[in-house]
Every structure is written in C-alpha cells, then in structure tokens.
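Data first, discussion second: the structure below is written as structure tokens.
There are 2 protein chains.
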Amino acid sequence: MMPADTLNHMVLDRSPELDRVFHALAHPARREILRRLSDREQNLSELSAPLQMSFPAASKHVRVLERAKLVRRRIVGRTHVCRAEGRPIKRATLWLERYCQTLESNFQRLDALLEELKAHDTK
Amino acid sequence: MMPADTLNHMVLDRSPELDRVFHALAHPARREILRRLSDREQNLSELSAPLQMSFPAASKHVRVLERAKLVRRRIVGRTHVCRAEGRPIKRATLWLERYCQTLESNFQRLDALLEELKAHDTK
DNA sequence: ATGAATGTCAACCATGTGGTTTAATAATTT
DNA sequence: AAATTATTAAACCACATGGTTGACATTCAT
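Protein sequences, first through last, are from chains Z and R.
Residues 0 to 122, numbered by numbering that gives the first Met the number 0, are exactly what the first sequence covers, in order.
Residues 0 to 122, numbered by numbering that gives the first Met the number 0, are exactly what the second sequence covers, in order.
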C-alpha cells in the first residue's frame, strides 16, 4: 500500500517547485526581469533601475525568482550578477503542454461523439 | 511620443491576464481541479469532494480559475457545471516558449563565443 | 410540504505579498 | 582614511490569500 502522503500528492497534484515557478511568473516585474535576463546577465542595480520601484523591492523580486530556481546569482566583488536558468521553466512548459494535450484530445473525443449522434439522427 | 502608461507596459511586461493565469496555476489544488476538468466536466461538489478542504474553500479556488478564464461554469438547476477552457493556457504556453527560445538562442550565442575564444587561444 | 442536496455569502483568522523607509554591511575608488 | 557604490536587513504598512465556520437561498425528490 502507498504511504498516506503519496496519496495526498496524487489528489492535490502537489509540487512545491511548480508552485514556486508559477507564482514567480505571476508578477509583471518578475516576468520583466526574466525577459531582460534572457538576453544577458545583469546585476541587481541594472535590473532594478528601470523598474519604477525601490531597490529593495526589486531585490525581493529577484529573490522570488531565485527561490523558483529561475535565476541564479554569483557574487563578484560587491555586485551580484544574475543569470536566467532554463530547466524549471521547461518543467512548467511540460505541465502546460501535457494539460493542453489532454484537453484537446477530449475535445476531439467530444466532437467525434457529436458527429456520431448527428449521423444517428439523420439515419 | 508614446503615452506614459504605454511605456510602463513595456518596462513592466504588464499583462493582467497572464498574471491571473500564472497565479491560478500556482496552487496545487487548482492544478488538481484543472487536471480533473481536462478529462470531463464536473460540478462543484464533485470537484470539492476529494480536495481535503471545506466546500467553500474549494469553491473559492474554482472562482480563481474562472477569473483567469481557465474555467467556465454553466448553471444547471442547482448544480454549477464547470468546464476547462483552453485559450488562456495557450497564451501562457506561448509566453514560456518564447522565453525559452530567446534563452536558448543566447546560450548558443555564448557557446559560439566560447568556441571562438578557445580557437583564438590555441592559435 | 418537508427535507436533503447544491451552492453562495459574510465574518473571521493567520499568514503571505508587495511595497516603503531607514539603517547597516561590504567592496571600490579617490 | 574617507567617500561612494552595491547590496542586505529590519521594521513597518496595506492588502491579498487560503482557510475556517455558520447562516441563508434554491432546487430537487419524497
């Protein structure tokens, strides 16, 4: 028999990593940071400058991205250089694609059913 | 010249729809609800039953999914039948894929640069 | 007409989020 | 040694989130 918390995982679709990734993506400032980091590495000052909010606020957003492992930081002297990380995004994309797929396959199933009913009616 | 808030849109990558979609996906119970709705329509009672939380809590989760337009509800007598909606997910997937793409193309660019440097060294 | 089933609403609570400001720490520059 | 730069830390605030319970409205079945 499966342990109880494994069952919970199944019923609640738990995945703290996915939680963190999607939550990180749910704020415009953080998507903006990612967009800029996808082009090139940038340190915190560069990242925060265009973000019409205080430096500490921007810094917190970066940390949310780090918790989700969407961003890694290496410290060079007094500057913290941030770099976008690809792996977790791919997991998220996978979830979405799998979801879309079952959705569509069931739409197709429904369409087929409707077709069949229509054919049956006109018979 | 562009109006000021258009500029803000660009700098902050604003998109309330994306905000809502990603936020909706950031909770295990809501992903679970979606997973089940991707198979077939279900009413609130059916949805809430396996979710180890009170009925009103589950109902609130469904409403978060509705705000994000990931779920639509039609009322049939006393039951509220929920159905998964595909479009907004596709927008989110698109964002992720576009992001992944620029990320990878820049990794390739970096790799090319490194190759070039290496070649230069051994010359 | 009663009663059970389905769902909403409102009030409440604890905790998280997103922002601020001010102060402190650490590395560079002058 | 002093000033500047890059960043964290802490305290605070308003509001959102995620959950509960209890009371209410509708609809369906008996």
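Even for Gly, the Cβ is constructed at its ideal location relative to N, Cα and C.
>> Strictly below 8 Å CB to CB, what residues from chain Z border Arg90 (chain R)?
In response: Chain Z residues near Arg90 (chain R): none, gap ~10 Å exceeds 8 Å.
>> 7 Å is my cut-off, CB to CB: does Glu31 (chain R) come that close to chain Z?
In response: Yes, Glu31 (chain R) lies at the interface with chain Z (some Cβ there is under 7 Å from its Cβ).
> Can you name, in chain order, every residue of its own chain whose Cβ lies under 8 Å from the Cβ of Ser104 (chain R), other than the five neighbours on each side?
Replying inline: Same-chain partners within the cutoff: there are none.
> Looking at C-beta atoms only, is the number of pairs between the region 88 to 104 of chain Z and the region 49 to 63 of chain Z that lie closer than 8 Å three or more?
Replying inline: A contact is defined here as three or more CB-CB pairs under 8 Å, and the region 88 to 104 of chain Z fails this definition with respect to the region 49 to 63 of chain Z.
> Which residues in chain R sit within 9 Å of Cys81 (chain Z), going by Cβ to Cβ distance?
Replying inline: Here the premise fails: no neighbours, minimum Cβ distance about 13 Å.
> When DSSP labels each residue in this structure, what does Arg72 (chain R) get in the three-state scheme?
Replying inline: Note: Arg72 (chain R) maps to strand in three-state DSSP.
> Where does Ala48 (chain Z) sit, in a helix, a strand or coil, going by DSSP?
Replying inline: Ala48 (chain Z) falls in the coil class under three-state DSSP.
> Smallest Cα separation from Pro87 (chain R): which of R:His79, R:Thr78, R:Cys81 and R:Val70?
Replying inline: That would be R:Val70, whose Cα lies nearest to the Cα of Pro87 (chain R).
> Do Asp12 (chain R) and Glu31 (chain Z) come within 7 Å of each other at the CB atom, strictly closer than that value?
Replying inline: One thing to note: Glu31 (chain Z) has its Cβ within 7 Å of the Cβ of Asp12 (chain R).
>> Using C-beta distances below 8 Å, list every residue in its chain close to Arg90 (chain R), excluding the 5 sequence neighbours before and after it, in chain order.
In response: Only Glu16, Leu17 and Val20 meet the Cβ criterion.
> What residues are listed by DSSP as bridge partners for Ala23 (chain Z)?
Replying inline: Paired residues: none, contrary to the question.
>> Can you tell me whether Pro49 (chain R) is buried or exposed? The criterion is at least 16 other CB atoms within 10 Å of its CB, across all chains shown.
In response: Pro49 (chain R) is classed as exposed because its beta carbon has fewer than 16 other beta carbons within 10 Å across all chains shown.
> Could one say the Cβ of Arg34 (chain R) lies closer than 7 Å to chain Z's Cβ atoms, at least one of them?
Replying inline: Taking a beta-carbon distance threshold of 7 Å, Arg34 (chain R) counts as an interface residue toward chain Z.
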